[in-house]
Amino acid sequence: MSNQSVQTVSTSNDKIKVALAIVVAIAGVIGFYYLSDKPALVRAGALVAGLAFAVLILWTSSTGREFLNFAKEAVRETKKVVWPTRREATQITGIVFAFVLVMAVFLWGTDKTLEFLLYDVILGIRK
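Remember, the numbering used here sits 672 above the position in the sequence shown when you count from 1.
Next up, the structure:
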């Protein structure tokens, strides 16, 4: 028995459906901007309708179905993330700022030392 995974090749119909879904999504975005003189609800409706129709077209293709399942899994994994508390985030931000400050002073000092050595000591050029 073989444990090799089999990868299916998408048909030309699937490729056409994916291309059509992309065109429909772009049409929704263009419609949103094209209807700039209309109320915001109409503009948002055009955008949502275009994106929803694109998702429906994608759902009918195997490639699109795989992508949408991947997106669902990504959202599910994101919900598993343990976010830091406000205190932890503040402490980490403070540490990052302190490190940046120390590195800035170090690089400034290194630059000035090399400038002194190169221009004043080695080349003898005074500013």
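Using N, Cα and C, we set each Cβ at its ideal position, and we do this for glycine too.
Who are the near neighbours of residue i in its chain, counting only those whose CB is closer than 6 Å to its CB and skipping five residues on each side?
i, result
"N741", "none"
By the DSSP assignment, the alpha helix (DSSP H) with residue i in it spans what residues?
i, result
"K689", "684–706"
"K744", "734–751"
"W755", "Premise fails: W755 is in no alpha helix (DSSP H) and is neither H nor E."
"V793", "From DSSP, V793 is part of no alpha helix (DSSP H); its letter is neither H nor E."
"F788", "Segment: none, F788 is in no alpha helix (DSSP H) and carries neither H nor E."
Assuming residue i and residue j form a contact by the criterion Cβ under 8 Å, report the distance between their Cβ atoms to the nearest whole angstrom.
i, j, result
"K723", "A697", "Before going on, a small fix: residue 723 reads as Leu here, not Lys. Yes, L723 and A697 are in contact; Cβ-Cβ is about 6 Å, under 8 Å."
"W693", "A726", "Strictly speaking, residue 693 in this sequence is Ala, with Trp absent from that position. Right, their Cβ atoms sit about 4 Å apart."
Excluding five sequence neighbours on each side, which residues of the same chain lie with their C-beta closer than 8 Å to the C-beta of residue i?
i, result
"A699", "G722"
"F739", "L730"
Is the region 747–766 in contact with the region 704–722, if contact means three or more CB pairs nearer than 8 Å? no
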